[in-house]
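Reading through the structure tokens given below for one structure.
Chains as they are written, first to last, in our numbering: chain V, 1 to 224; chain W, 1001 to 1281.
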């Protein structure tokens, strides 16, 4: 039976990684279509969400099957719990990519180079956090997951920067109201992507160390 | 909309069941030691089957001992009420302390020790006597002769072992006519009849079907608190379900001993992790 459960766990891991790759691609596309204000690409992102939803349900069903049939313990149990939670976070990230894509559909040219650059910065940061957390899962690396969590506060400052830029743009370009509101929505969605990436990093630490670090401060996390 | 009404319903639901447990941690600390092993070893001739084991078994708690076949878990369990005395080549080293005395102290009266430390075996082994006589056997040996007193002990023991309902109308029938699960609960009732403080269980459900197994596990949960229970089991899920503390043994060594919740979610030792996740053993 030990062989069967490890075979099942391996399949589950591969399925989650496939889902992660699709989600990452969706976010990258959403970011690119936002940068280029490419509405056709936005349609692609929106259409691809159906597959992500299907994968999410499939992975959850498989994880529940392994729980029911093999009653995993210790590292195997923590792995399944992490898969279930990461799966949920990935699906939400997929939804946020759709939010970004839908916002792009209401966008015109982003007014001002500064705003466009601020949005790129926050997008880069969100994508880096997402990639980093998925890398930490793949490489089973708790230390790098913890390092990522230390970077999360940078995002709040970036978000604040975009809001300032948008406020200024409201004054300078009153005709671009709809675009600017869309920019704010995109910015919020990117911030949420980074939050979910942070959740994934926390789940990786739980999976590897068995410690729930969700409500710990930076120093406690370092010591854990 | 009356939002207070739904909040009240939720509160009532939360309070209605298990409300005492809601704020308690799911596992409890080690507690006061009832039996303590200090560098305790068991030898079969030159072979050291249990190697200098150190552990405290908490009073009123359920401790499970797990490990692959031949790891010394049953040998250790049997040594707690000196069942190994029956094996000529068996000898011990170190100390096994119960009630401030070494169980292997020459002054110990083994018969009264076994009254205080009862045992339930892998295969139900009722005597070929009536249900009543099985339970009354121990108390009679202890010198209790009054019928009313024996009736009382038999009823209480059968009730405590959750088999009174099924047996009260057939007390005079031969115990061998009962099902395997009933026989095992009868054996538990028989062990309880002499009012032991500790109950040793050596794979008590391995010969039983899932329903009987579940009844024995429920019974262990009911007896918890009143008795110190030490159970050897091959069934890891059973150890996780019924015990407060778990000991993992391998090749005579105690590898890890701690709270069951910790051991089954995040064991400290790599060997424990590998064994309970089926990677070896």
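Where is the CB? At the ideal position from N, CA and C, for every residue including glycine.
Distance CB(residue i)-CB(residue j) smaller than 9 Å
i	j	result
residue 1221 (chain W)	residue 1194 (chain W)	no
residue 110 (chain V)	residue 183 (chain V)	yes
residue 85 (chain V)	residue 10 (chain V)	no
residue 90 (chain V)	residue 52 (chain V)	yes
residue 73 (chain V)	residue 1277 (chain W)	yes
residue 1093 (chain W)	residue 1039 (chain W)	yes
residue 186 (chain V)	residue 116 (chain V)	no
residue 159 (chain V)	residue 131 (chain V)	no
residue 1130 (chain W)	residue 1156 (chain W)	no
residue 1033 (chain W)	residue 1064 (chain W)	no
residue 17 (chain V)	residue 62 (chain V)	no
residue 162 (chain V)	residue 27 (chain V)	no
residue 204 (chain V)	residue 145 (chain V)	yes
residue 1256 (chain W)	residue 1238 (chain W)	no
residue 1037 (chain W)	residue 1077 (chain W)	no
residue 1224 (chain W)	residue 1060 (chain W)	yes
residue 208 (chain V)	residue 142 (chain V)	yes
residue 1338 (chain W)	residue 1062 (chain W)	Shown here, chain W extends from 1001 to 1281; a query on residue 1338 (chain W) therefore has no answer.
residue 152 (chain V)	residue 129 (chain V)	yes
Collapsed DSSP secondary structure at residue i in the structure displayed
i	result
residue 1200 (chain W)	strand
residue 1182 (chain W)	helix
residue 1052 (chain W)	strand
residue 41 (chain V)	helix
residue 1019 (chain W)	At residue 1019 (chain W), the pLDDT of 49 sits below 50, so the modelled position is not reliable; the number obtained from the coordinates is stated separately. Three-state DSSP puts residue 1019 (chain W) in a helix.
residue 211 (chain V)	coil
residue 1263 (chain W)	helix
residue 1153 (chain W)	helix
residue 1230 (chain W)	strand
residue 1287 (chain W)	The structure shown does not extend to residue 1287 (chain W), since chain W is modelled only from 1001 to 1281, so the question has no answer here.
residue 1037 (chain W)	strand
residue 80 (chain V)	helix
residue 1107 (chain W)	coil
residue 19 (chain V)	helix
residue 58 (chain V)	helix
residue 1069 (chain W)	coil
residue 94 (chain V)	helix
residue 1169 (chain W)	coil
residue 1083 (chain W)	helix
residue 177 (chain V)	helix
residue 186 (chain V)	helix
residue 106 (chain V)	coil
residue 1145 (chain W)	coil
residue 66 (chain V)	helix
residue 205 (chain V)	helix
residue 1139 (chain W)	helix
residue 1194 (chain W)	coil
Residue i: first and last residue of the uninterrupted alpha helix (DSSP H) it sits in
i	result
residue 138 (chain V)	113-139
residue 1175 (chain W)	Run containing residue 1175 (chain W): none; DSSP gives neither H nor E here.
residue 150 (chain V)	142-172
residue 1080 (chain W)	1073-1080
residue 1236 (chain W)	1236-1242
residue 1272 (chain W)	1270-1276
residue 221 (chain V)	218-223
Limits of the unbroken beta strand (DSSP E) element including residue i
i	result
residue 1161 (chain W)	Note, residue 1161 (chain W): premise wrong, no beta strand (DSSP E); not H, not E.
residue 1118 (chain W)	1117-1120
residue 1094 (chain W)	1090-1098
residue 1207 (chain W)	No beta strand (DSSP E) holds residue 1207 (chain W); DSSP gives it neither H nor E.
residue 1066 (chain W)	1062-1066
Residues sharing a beta bridge with residue i, DSSP
i	result
residue 1043 (chain W)	W:1048 and W:1091
residue 1101 (chain W)	W:1098
residue 1254 (chain W)	W:1249
residue 1224 (chain W)	W:1227
residue 1058 (chain W)	W:1033
9 Å Cβ cutoff, residue i in contact with chain A
i	result
residue 6 (chain V)	Protein chains in the displayed structure are V and W, and chain A is not among them.
Anything in the stretch 68-80 of chain V with a Cβ closer than 8 Å to a Cβ of chain W? List those residues in chain order, please. Result list: 71, 72, 73, 74, 75, 76, 77 and 78.
Using a Cβ cut-off of 7 Å, which residues of the stretch 1247-1262 of chain W contact any Cβ in chain V, in chain order? Here the close residues number zero.
If you measure beta-carbon to beta-carbon, which residues of the stretch 1234-1247 of chain W are closer than 8 Å to chain V? For the stretch 1234-1247 of chain W, which is checked against every Cβ of chain V, the residues closer than 8 Å are 1236, 1237 and 1240.
Beta carbons nearer than 9 Å to chain W: which residues of the stretch 130-146 of chain V have them? Per Cβ criterion, the list is empty.
Could you please tell me which residues of the stretch 182-198 of chain V, in chain order, have their CB closer than 8 Å to any CB of chain W? Within the stretch 182-198 of chain V, not one residue has a Cβ closer than 8 Å to any Cβ of chain W.
Could you please tell me which residues of the stretch 117-128 of chain V, in chain order, have their CB closer than 8 Å to any CB of chain W? Those residues of the stretch 117-128 of chain V that come within reach of chain W (Cβ to Cβ, closer than 8 Å) do not exist; the list is empty.
Under 7 Å, CB to CB, which of the residues in the stretch 1069-1085 of chain W have a partner in chain V? Look at the stretch 1069-1085 of chain W: it has no residue with a C-beta under 7 Å from a C-beta of chain V.
Residues, ordered as in the chain, of the stretch 1116-1127 of chain W that lie near chain V by beta-carbon distance below 7 Å: Residues passing the 7 Å Cβ filter: none.
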